[in-house]
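S.K.:
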Amino acid sequence: QKLDVARALLKRPDFLILNRPLSALDQRMQDKVLQNVLEEARRDGHSPAIVWVVTNPAMGMMFDRVVVFDSGQLVEDGTHETLLAESGIFKELLS
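Under this note's numbering, the first residue of the sequence shown is numbered 452, with each subsequent residue one higher.
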């Protein structure tokens, strides 16, 4: 999985979609790899749009925008901070 993510980053895409690319790793390793991926993606002023599907809502704090789906429906959209300030699904998942 990490190798697939690395290959995608080497292509320096303008848009990158990653669907649970690190699910086989423990949470500590997921956080570390995610941080490295985001730093590498933004290296040299490059700023690709990244859609990263996660199963752990706590990872949302690493992104500029969080979009929450429930049963295939968009239910919340905002920054990590704004979603925590509301009493929605995102806040519930983190408590």
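Glycine residues also receive a C-beta, built at the ideal position from the N, C-alpha and C atoms.
Would K453 pass as a contact of V504 if the rule is Cβ separation under 8 Å?
M.R.: Within the sequence shown, numbered from 1, the residue matching residue 453 stands at position 2. Within the sequence shown, numbered from 1, the residue matching residue 504 stands at position 53. Cβ atoms of K453 and V504: not closer than 8 Å.
S.K.: At which residue ranges does the region 501–543 contain complete beta strand (DSSP E) runs of 3 or more residues, listed in the order of the chain?
M.R.: For the region 501–543, the continuous beta strand (DSSP E) assignments of 3+ residues that do not extend past its boundaries occur at 517–521, 524–529, in sequence order.
S.K.: Considering Cα atoms alone, identify which of R516, G523, G539, L535 is closest to I501.
M.R.: As a working mapping, residue 501 is identified with position 50 in the sequence shown. It is R516.
S.K.: The alpha helix (DSSP H) that contains L489, what's its start and end?
M.R.: Sequence index remark: in the sequence shown, residue 489 carries index 38 (1-based). Its alpha helix (DSSP H) spans residues 478–492.
S.K.: Look at the alpha carbon of L469 and the alpha carbon of Q478, and state the distance between them as a whole number of angstroms.
M.R.: On the sequence shown, residue 469 is found 18 positions in, with the first residue counted as 1. On the sequence shown, residue 478 is found 27 positions in, with the first residue counted as 1. The straight-line gap from Cα to Cα measures roughly 17 Å.
S.K.: Given a cut-off of 8 Å on the beta-carbon distance, is the pair M513 and L489 in contact?
M.R.: As a first step, residue 513 is located in the sequence shown; it is residue number 62 there, counting from the start. As a first step, residue 489 is located in the sequence shown; it is residue number 38 there, counting from the start. Yes; because the gap between Cβ atoms is below 8 Å, this pair is in contact.
S.K.: Would you call H531 buried or exposed, if buried means 16 or more other Cβ atoms sit within 10 Å of its Cβ?
M.R.: For the purposes of this step, residue 531 is taken as the residue at position 80 of the sequence shown. Buried, because 16 or more other Cβ atoms sit within 10 Å of the Cβ of H531.
S.K.: Cα-Cα, which of L544, R463, D482, A492 is closest to D521?
M.R.: By one-based count along the sequence shown, residue 521 stands at place 70. The candidate whose alpha carbon is nearest that of D521 is L544.
S.K.: To the nearest angstrom, report how far apart A509 and L535 are at their CA atoms.
M.R.: Translated into the one-based positions of the sequence shown, residue 509 becomes position 58. Translated into the one-based positions of the sequence shown, residue 535 becomes position 84. One C-alpha to the other measures close to 11 Å.
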